[in-house]
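Presented below is the structure to which this report refers.
In the numbering used here, the protein residues as written are 25 to 166.
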């Protein structure tokens with residue numbers, strides 16, 4: 025039942041998971057945290073795209089629980105700040121993003137692991153909703 029967008033969603037999340045669980049602990053490079061954040065956000069985006077493509081826009085709100093909504097919004101803010109940031113640096117195993125007023129956003133390993141867990145649960149709910157929708161379509165066509 026997995027379509028292209030869901031497969032991409034899982035690939036992006038698996039890549040982010042690998043960064044968080046294997047690469048970051050081995051190298052302790054804060055820039056890896058930014059790559060993980062980008063991958064988690066891409067996973068959310070692909071899953072939402074798949075729900076929308078299957079006419080399940082209303083189901084997006086159901087699949088996104090409060091934690092997932094907060095996680096998605098925070099990741100969007102982080103990536104927007106990263107795009108506009110004049111200064112970014114690594115400090116004590118964390119990645120610090122500064123805006124033009126030098127207010128900071130700090131990415132930590134633990135924070136991103138929590139975001140990855142929220143994304144996994146969202147993608148699981150999205151898959152369940154898509155499978156139920158597919159079953160209903162099959163029943164109607166009989």
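Note that CB positions come from ideal geometry on N, CA and C, so glycine has one too.
In this text, all values refer to a predicted model and were calculated from it rather than measured experimentally.
In DSSP terms, what residue i is bridged to
i: residue 128; result: 122
i: residue 112; result: 121
Residue i Cβ short of 6 Å to the ligand FAD heavy atom set
i: residue 156; result: This structure lacks the ligand FAD, and indeed carries no ligand of any kind.
Nearest candidate by alpha-carbon position, reference residue i, set the options
i: residue 58; options: 111, 89, 118 and 90; result: 118
i: residue 124; options: 97, 145, 28 and 110; result: 110
i: residue 148; options: 128, 134 and 68; result: 68
i: residue 131; options: 90, 45, 81 and 103; result: 103
i: residue 60; options: 76, 115, 134 and 154; result: 134
i: residue 93; options: 152, 47 and 64; result: 64
i: residue 116; options: 52, 32 and 27; result: 52
Rounded C-alpha distance that separates residue i from residue j
i: residue 122; j: residue 37; result: 26 Å
i: residue 34; j: residue 127; result: 33 Å
i: residue 49; j: residue 41; result: 12 Å
i: residue 25; j: residue 141; result: Low confidence applies to residue 25: its pLDDT is 49, below 50, so where it sits in the model is not reliable, and the reading given next is rough at best. The alpha-carbon atoms of residue 25 and residue 141 are separated by roughly 22 Å.
i: residue 39; j: residue 151; result: 19 Å
i: residue 139; j: residue 71; result: 15 Å
i: residue 106; j: residue 45; result: 23 Å
i: residue 80; j: residue 73; result: 10 Å
i: residue 54; j: residue 114; result: 5 Å
i: residue 86; j: residue 112; result: 36 Å
i: residue 28; j: residue 136; result: 25 Å
i: residue 16; j: residue 97; result: Beyond the ends of the chain as shown, which are 25 and 166, falls residue 16; an answer cannot be given.
i: residue 90; j: residue 145; result: 12 Å
i: residue 31; j: residue 76; result: 15 Å
i: residue 129; j: residue 120; result: 6 Å
i: residue 84; j: residue 95; result: 14 Å
i: residue 66; j: residue 99; result: 10 Å
i: residue 62; j: residue 47; result: 15 Å
i: residue 154; j: residue 56; result: 32 Å
i: residue 157; j: residue 88; result: 17 Å
Range covered by the alpha helix (DSSP H) that runs through residue i
i: residue 41; result: 28-42
i: residue 82; result: 81-87
i: residue 65; result: 55-77
CB contact below 7 Å: residue i versus chain C
i: residue 89; result: Of the protein chains in this structure there is only one, and it is not chain C.
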